[in-house]
Amino acid sequence: MLHKITLIRGDGSGPELIEQAKRAIDKAIEICGKGLEWEIFDAGADVVAKEGTPLPDYVIDSVKRNKVALKGPVTTPLGKGFRSVNVELRKKLDL
């Protein structure tokens with residue numbers, strides 16, 4: 001059975017860090033002989049310019065559909081700007 005995981009790359013150092021975590025998980029899955037598919041998305045300050053929000057609805061939809069996600073570090077604005085991605089995830093997923 002093929003399992004799907006939502007991967008939220010984040011911004012800043014997030015993509016670099018999350019890639020190493022992904023590689024470790026991929027290797028563990030390979031050793032176990034299981035199937036895994038990643039649904040990879042960006043989130044954070046870099047996404048705001050393109051999408052108008054740091055956490056587009058299609059990312060939340062992916063997490064809900066897959067029931068599991070791995071998220072890299074994301075910039076948290078201080079005082080103004082957009083709402084924290086972490087806060088949005090907790091709010092929209094009832095965590």
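So the sequence shown is residues 1 to 95, counted in our numbering.
Backbone N, C-alpha and C define an ideal beta-carbon position, used for all residues, glycine too.
Simplified DSSP assignment, three categories, for residue i
{"i": "residue 69", "result": "strand"}
{"i": "residue 35", "result": "strand"}
C-beta atoms of residue i and residue j nearer than 7 angstroms
{"i": "residue 37", "j": "residue 4", "result": "yes"}
{"i": "residue 55", "j": "residue 19", "result": "no"}
{"i": "residue 78", "j": "residue 35", "result": "no"}
{"i": "residue 75", "j": "residue 44", "result": "yes"}
{"i": "residue 60", "j": "residue 92", "result": "yes"}
Continuous beta strand (DSSP E) stretch holding residue i: start and end
{"i": "residue 4", "result": "2-8"}
Cβ neighbour criterion (16 or more within 10 Å) applied to residue i
{"i": "residue 31", "result": "exposed"}
{"i": "residue 9", "result": "buried"}
{"i": "residue 7", "result": "buried"}
{"i": "residue 57", "result": "exposed"}
{"i": "residue 42", "result": "buried"}
Boundaries of the alpha helix (DSSP H) in which residue i is found, first to last residue
{"i": "residue 89", "result": "85-92"}
{"i": "residue 74", "result": "That residue, residue 74, is in no alpha helix (DSSP H); it is neither H nor E in DSSP."}
{"i": "residue 46", "result": "45-51"}
query = If we count Cβ pairs, one from each stretch, closer than 8 angstroms, do we get three or more for the region 5-25 versus the region 67-79?
reply = yes
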